[in-house]
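Below you'll find the structure, written out as structure tokens, and then a few comments.
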Amino acid sequence: GEWYFDRGEINYQWDRYDKAMEDYQKSLEFRPNHIETLIWLVRCAIKLKDDVKAEEFSRQSLAYAVTFDDFADIIDKWVCLGEDRRAWEATAQAEARLSAIPTDFYASLGGHALKHKRKEQALRWLEHATQKAAPEDNVLVVIGEMVMEGLKRLDSVAYIRFASVYKDFTDAKDFEEFASTVKEVGG
18 GEWYFDRGEI NYQWDRYDKA MEDYQKSLEF RPNHIETLIW LVRCAIKLKD DVKAEEFSRQ
78 SLAYAVTFDD FADIIDKWVC LGEDRRAWEA TAQAEARLSA IPTDFYASLG GHALKHKRKE
138 QALRWLEHAT QKAAPEDNVL VVIGEMVMEG LKRLDSVAYI RFASVYKDFT DAKDFEEFAS
198 TVKEVGG
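Each residue of the sequence shown is one higher than the last, beginning at 18 in our numbering.
In structure tokens:
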């Protein structure tokens, strides 16, 4: 089964999604219900614009998902593909079946959505992260760090302004040192 899986990955990388799908389906004959294979089948079906098969393989992958990593892989793929509805359906199943989901996972999904310039979806994931967080989770620190990283790439002045409040500098010298490193990074 692994040989077919590997060949499926090669075909997928070469944009031969129909061939990749055949290989992944053959791989499933040897490793039934293999989560990663099912996820790749979903991706192939989406690339081939076959919503029926994408839904079928998605349902199968969720049915066999057991661990947080299984669910995280499925949900992350949906977020990256811009399939918000499917990502939230998978999240609901994960929350119903698992005892705990790390709140920074939701924040990271918000980060993925932001990377793909989907602000509304990012906001929804970040709000969910804050709602699910326990006081000791420090999810706002994770979100703050995401904002810092994004600003660092986009606008060094905005980055320094945000950092001046967020980093809570106690000494002007500390702030000066920080600002000098930003100049090196930005330019």
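All C-beta atoms, glycine included, are put in the ideal place defined by N, C-alpha and C. Source: prediction; values computed, not measured.
| Item | Value |
| --- | --- |
| Proximity to R60 [Cα-Cα], best of A175, T108, E26 | E26 |
| Pairwise C-alpha distance: D185 and E100 | 38 Å |
| The alpha helix (DSSP H) enclosing R103, as first and last residue numbers | 101-114 |
| Boundaries of the alpha helix (DSSP H) in which V83 is found, first to last residue | Segment: none, V83 is in no alpha helix (DSSP H) and carries neither H nor E. |
| Straight-line Cα distance separating W57 from A37 | 9 Å |
| Y34 versus A62: straight-line alpha-carbon distance, rounded | 8 Å |
| Sub-8 Å separation of A189 and I177 beta-carbons | no |
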